[in-house]
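Take a look at the structure below.
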Amino acid sequence: MTVAVIYILPTLVMYSKGTREPELWPNKKINLGLDLQGGMHLVLEVQTEKAVENAMDAKLFDLKKALRGKQIIPKMVKRIENSSDILVSIPTPESQDMVSTILKADFQDVEITSQKDLAGTTDYILSMIPDEVERIKKSASDQALETIRNRIDEFGVSEPDIRKQGDNRILIQLPGIKDTKNAKELIGKTAVLEFRLVDDDHNVQQAIRSNPPPGTVVLYDMKKNATTGVATKNEPYLISKEVLLTGAFLTDARLSFDSMENKYFVSIDFDRKGAKKFADITGKNIHRRLAIVLDNTVYSAPVIQDKIAGGHARITGNFSPEEGKVLSIALRAGALPAPVKILEERTVGPTLGMDSIKKGLMSMAIGGGIVIIFMIIYYNGAGLIADVALVLNILLMAAGLAMVQATLTLPGIAGFILTIGMAVDANVLIFERIREESRLGQSPAASIAAGFEKATLTILDANVTTLIAALVLFQFGTGPVKGFAVTLSLGIVASLFTSLIVSRMFFDFMISKFDIKKLSI
Amino acid sequence: MQFIKSDMNINFIGFRTVAYILSISLVLISIASLIIHKGPRYGVDFEGGTSIQIKFQNSVNIEDIKKGLAETGIEKSSVQRFGTDTDHEFQIRTPLSFMADSNFTDSLKDRLAKITGVAVIDVSLDMVGPQISQDLRKKALLAMFFALLLIAIYISGRFELKWMMSGLMAAAIGLPVYFITQIDKLSFMNVSAGMPFLILFALVVSIAFCWYLELKFALGAIVALVHDVTITVGIFSLMNIEFTLPIIAALLTIIGYSLNDTIIVYDRIRENTTKSTRANLETVINKSINETLSRTILTSLTTLLVVLALYLFGGGVIHNFAFAMLIGIAVGTYSSIFVASPILLAWENKNK
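Going line by line, the protein sequences match chains A and B. For the first sequence, our numbering gives the first residue as 48, with consecutive numbering after it. For the second sequence, our numbering gives the first residue as 38, with consecutive numbering after it.
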């Protein structure tokens, strides 16, 4: 009897942990997967190579200055397309070791990776040293994670899950989100804000036809189609390449409404340094146009009427309040150090999620019901014991899920249901053995003992193999499949407990309490 | 109540020629179907692309949906009914994986609602880019392969106490396979495309090792499992059912579960061979199978009942999963009796 009590204790502990919650579904303690509660799952890749390219871009201006300082006029200094290498082309006689001297002096993180002598000029290919490349990539990926986290925090999603996956991937789970479109906008927006002057001295159409004059580039603003909402390129502007002021100097960005013009705009505030720069720029360029460029799109290019000293500005454009909100959050949280690409997206609408829960529960009720009835019909009294053990099994699994804070997914519910079938298997094995022993003429007590003893090893073997499969699945599976592996593993462990220990307890109890001549099995 | 009388004595081994023929033809048909269709009908998990599940308020004509899709201009999109008729759910698939416009689902919803005249209750989307689908393919193959290896170790250890040998063999095959799949980024050969062949090759090597090292129980079990998985995947291919990640979960579960039956029989065979060392193996195996028949049929039956409930009431995703389980359990039970045990016999006869 004492042995039985010892066995009951852990059961009670499990019971209270699981069933203290009045309802097990829906329940805060059991985490529901996205496929059950609805929401969005995203896997992003941070294009860290672009961060390296940007870093090299930043060095171009200083490189040219350094070369000129050594009295060398380069034929070409530019970054090679789609690569982070810089090509420096210098007339051969003067170059002799000058490039490496300059690099050693001022650009220790750049090295010459190749050198080619052509007729009269030498072409040097400069690359960033591998250690620095690694550092920039890692820093870009970490910073992207932080920035995205800040943005999502502001967007207001309950219990978002944002984490790094590998070197440059970010996994984002937003449970219960309904506005997936704006969430994706917010996450993917690089949000590089730049203030650059418009070059009104040259003709923009000619620049499009041939080449833009040195130091300028052609950028467009966007026009939105009123019906489809798709934005396309609209008017071209000839914009100076020189960036006078960036979004890094912002302290705040807020969505506001201009009742006179009946439009939304984002009002921005600069910090002290930014405000001073802004005053400088506007003061020196009165009557010129200052373009507000966001992610290489011109938002507006108003004429500077006067020096602006207050450190405030407005970003206007034709945007809806949701877009304006997304923009202001993105500006507040800061620009992404490199663009992000969406590798995987899974969204489940809330109704469909609810559907899945209902269907899962119904299958479980029906499947469980059939099995319970079957056990009683086939194994009579013993079947009843098996059924009680089964119910206990389910409760244990639910408690287990809640305890380890695992996530329940739709395949996870299937795992629950499968366990019902498999838990009963163990009982079948034992009961068949007991029947066999009874047929051989053993007494009830002896049959039960022999039945359990001989069946135990087989049950362990059988369950271990399914457990192996479940563990492998857990290791290699993702998302919903992982949820299945978890419930299956929990189910196997729980069923081992209930079929070997709990059923045995019941049998022993019945035998010791009642004088049973013939087993009801 | 008892289905199976305790004094049954069916000559299962006697049927083994018929069983061999049946098994081999089923496996060949499956392989043929897979080769002809170039694999099962992969879902977006493995092929990449986008799968959209859309639920309407009332019944909708599928032709209207096709018209609406054609208007959006997405090429190569297909529509299929999803779940039961009363669900009013459809699945739209397209190989495109990057919707440049994040407004896509909303505009699709509006357009389809307008064309069919029925309101859309909800939309779900699964978009998998090429890198992720490649990842998932790799993971699926590795999962299946390593599960088999681990099972080989377990069975060899439990039934022949050859833990060390089987462990070493598994490591000798498993570690190189694992490392090769990790370095696909450096290799100039496209390792990920060749992965199925790599795994196939490794599998053949494993079976050869089991043969050579005389791990006969593991050999029987692995052959039976490969037989089960091949036929299940083959049936999926023949019936053109979508093959997704949850199906891999089903396959692994089938592997673990089919082994249950095999172990039950093997256990009894081992018990009976130690009890009566004089009797010839054929009789022992027959006796063992007959003795365990009740158990084998019943355990499969109870699980089948439960899976049937899943199949009928589980809803779209679970429906295919349950179907895989149904096939797997049926074939698995069959293979424990008619494939795994005869292989033991064939081994003994070969040794004589």
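Yeah, the Cβ is synthetic: ideal placement off N, Cα and C, and Gly gets one too. None of these values were measured; they are calculated from a predicted model.
Supposed close pair residue i, residue j - CB separation, criterion 8 Å
i                : j                : result
Val519 (chain A) : Leu335 (chain B) : Rounded, the Cβ-Cβ distance is 27 Å, inconsistent with contact.
Phe523 (chain A) : Val533 (chain A) : Not confirmed; about 14 Å, so no contact.
Ser494 (chain A) : Ile477 (chain A) : Incorrect: roughly 11 Å between the Cβ atoms, too far for contact.
Ser203 (chain B) : Ile190 (chain B) : 5 Å
Ala461 (chain A) : Ala184 (chain B) : At roughly 18 Å, the Cβ-Cβ gap does not stay under 8 Å, so Ala461 (chain A) and Ala184 (chain B) are not in contact.
Ile355 (chain A) : Ala326 (chain A) : 6 Å
Val264 (chain A) : Met175 (chain A) : At roughly 24 Å, the Cβ-Cβ gap does not stay under 8 Å, so Val264 (chain A) and Met175 (chain A) are not in contact.
Ala357 (chain A) : Gly321 (chain A) : The displayed chain sequence assigns Gly, not Ala, to residue 357 (chain A). Between Gly321 (chain A) and Gly357 (chain A) the Cβ distance is about 12 Å, and since that is not below 8 Å, they are no contact.
Leu469 (chain A) : Thr513 (chain A) : First, the residue type needs correcting, since residue 469 (chain A) is Met and not Leu in the sequence shown. Confirmed, about 7 Å.
Arg78 (chain B)  : Asn277 (chain B) : 5 Å
Beta-carbon neighbours of residue i, restricted to chain A and to distances below 9 Å
i                : result
Pro283 (chain B) : Leu457, Pro458, Ala461, Pro527, Val528 and Phe531
Thr90 (chain B)  : One point to set straight first is that residue 90 (chain B) is Gln, not Thr, in the sequence displayed. Here the neighbours are Val395, Gly396 and Leu399.
CA nearest to the CA of residue i, picked from the options
i                : options                                   : result
Leu341 (chain A) : A:His334, A:Pro261 and A:Glu241           : A:Glu241
Leu145 (chain B) : B:Met181, B:Lys103 and B:Arg118           : B:Lys103
Asp508 (chain A) : B:Gly194, B:Tyr215, B:Leu205 and B:Lys176 : B:Gly194
Gly166 (chain B) : B:Ala316, B:Leu133 and B:Phe182           : B:Leu133
Lys575 (chain A) : A:Asp153, A:Leu89 and A:Gly86             : In the structure as shown, chain A starts at 48 and stops at 568, and residue 575 (chain A) therefore has no counterpart that could be examined.
Tyr311 (chain A) : A:Lys372, A:Arg335, A:Lys288 and A:Gly262 : A:Lys372
Glu483 (chain A) : B:Gln94, B:Leu235 and B:Leu330            : B:Leu330
Phe296 (chain A) : A:Lys324, A:Ser131, A:Lys270 and A:Val313 : A:Lys324
Val540 (chain A) : A:Leu89, A:Ile315, A:Glu479 and A:Ala473  : A:Ala473
Ile301 (chain B) : A:Asn510, A:Asp109 and A:Ile234           : A:Asn510
Asp164 (chain A) : A:Thr139, A:Lys501 and A:Glu181           : A:Thr139
Thr503 (chain A) : A:Ser550, A:His334, A:Ser490 and A:Leu399 : A:Ser550
Lys288 (chain A) : A:Ile548, A:Leu107, A:Leu83 and A:Asp305  : A:Leu107
Ala166 (chain A) : A:Gln155, A:Glu128, A:Leu150 and A:Ser136 : A:Ser136
Within 7 Å, strictly: CB atoms of residue i and residue j
i                : j                : result
Thr370 (chain B) : Ser325 (chain B) : no
Tyr284 (chain A) : Val204 (chain A) : no
Asn78 (chain A)  : Thr454 (chain A) : yes
Phe553 (chain A) : Ile432 (chain A) : yes
Arg361 (chain A) : Val290 (chain A) : no
Ala261 (chain B) : Ala361 (chain B) : no
Gly223 (chain A) : Thr456 (chain A) : no
Leu394 (chain B) : Gly257 (chain B) : In the structure as shown, chain B begins at 38 and stops at 389. Residue 394 (chain B) is therefore absent and cannot be evaluated.
Gly35 (chain B)  : Thr131 (chain B) : Since the first residue of chain B shown is 38 and the last is 389, residue 35 (chain B) is not available in this structure.
Thr311 (chain B) : Ala377 (chain B) : no
Gly353 (chain B) : Gly120 (chain B) : yes
Leu347 (chain B) : Ile464 (chain A) : yes
Val471 (chain A) : Leu374 (chain A) : no
Val155 (chain B) : Phe93 (chain B)  : yes
Asp265 (chain B) : Val368 (chain B) : yes
Gly365 (chain B) : Ser70 (chain B)  : no
Leu173 (chain A) : Ile133 (chain A) : yes
Partners in chain B for residue i, counting only beta-carbon separations shorter than 8 Å
i                : result
Ser494 (chain A) : Here the premise fails: no neighbours, minimum Cβ distance about 14 Å.
Ala509 (chain A) : Leu296, Asn297, Ile300 and Ile301
Leu439 (chain A) : By Cβ distance, chain B contributes nothing, its closest Cβ being about 17 Å from Leu439 (chain A), past 8 Å.
Residue i CB to nearest heavy atom of the ligand MN below 6 Å
i                : result
Phe561 (chain A) : Here there are no bound small molecules, and the ligand MN is not part of this structure.
Chain-ordered chain B contacts of residue i [CB-CB under 9 Å]
i                : result
Ala517 (chain A) : Leu289, Thr290 and Gly293
Leu575 (chain A) : Outside the modelled stretch of chain A, which goes from 48 to 568, sits residue 575 (chain A), for which no answer is possible.
Phe421 (chain A) : Leu338, Thr339 and Leu342
Arg570 (chain A) : In this structure chain A extends from 48 to 568, so residue 570 (chain A) is not present and cannot be described.
Chain A residues whose Cβ lies nearer than 8 Å to that of residue i
i                : result
Gln168 (chain B) : Glu92 and Leu390
Met202 (chain B) : Result: empty, since nearest Cβ-Cβ is about 19 Å, beyond 8 Å.
Leu51 (chain B)  : Looking at the sequence shown, residue 51 (chain B) is not Leu but Gly. Near Gly51 (chain B) there are no residues of chain A at all, since even the closest Cβ is about 24 Å away, more than 8 Å.
Ile152 (chain B) : Ordered by position in chain A, no residue passes the 8 Å Cβ test against Ile152 (chain B), which lies about 15 Å from the chain.
Contacts that residue i makes with chain B (C-beta to C-beta distance below 7 Å)
i                : result
Phe202 (chain A) : Within chain B, no residue comes near Phe202 (chain A); the closest Cβ sits about 14 Å away, beyond 7 Å.
Glu500 (chain A) : Those do not exist, as Glu500 (chain A) stays about 13 Å from chain B at its closest Cβ, beyond 7 Å.
Val471 (chain A) : Thr339
Partners in chain A for residue i, counting only beta-carbon separations shorter than 7 Å
i                : result
Leu347 (chain B) : Ser410, Gly414, Ala461 and Ile464
Cβ contact check for the region 240–260 of chain A and the region 121–129 of chain A: 3 or more pairs under 8 Å: Because the criterion of three Cβ pairs below 8 Å is not met, the region 240–260 of chain A and the region 121–129 of chain A do not touch.
Stretch pair the region 386–393 of chain A + the region 90–109 of chain A: three plus CB contacts closer than 8 Å: Touching, yes, given that three or more Cβ pairs across the two stretches are closer than 8 Å.
Touching by the beta-carbon criterion (3+ pairs, under 8 Å), the region 275–283 of chain B and the region 291–298 of chain B: At 8 Å Cβ cutoff, the stretches do not touch.
At least 3 beta-carbon pairs within less than 8 Å: the region 392–412 of chain A vs the region 320–338 of chain A: Contact between the region 392–412 of chain A and the region 320–338 of chain A is not established, with fewer than three Cβ pairs separated by less than 8 Å.
Segment contact flag, the region 190–199 of chain A with the region 365–385 of chain A, C-beta cutoff 8 Å, min 3 pairs: Output reads yes: the region 365–385 of chain A touches the region 190–199 of chain A.
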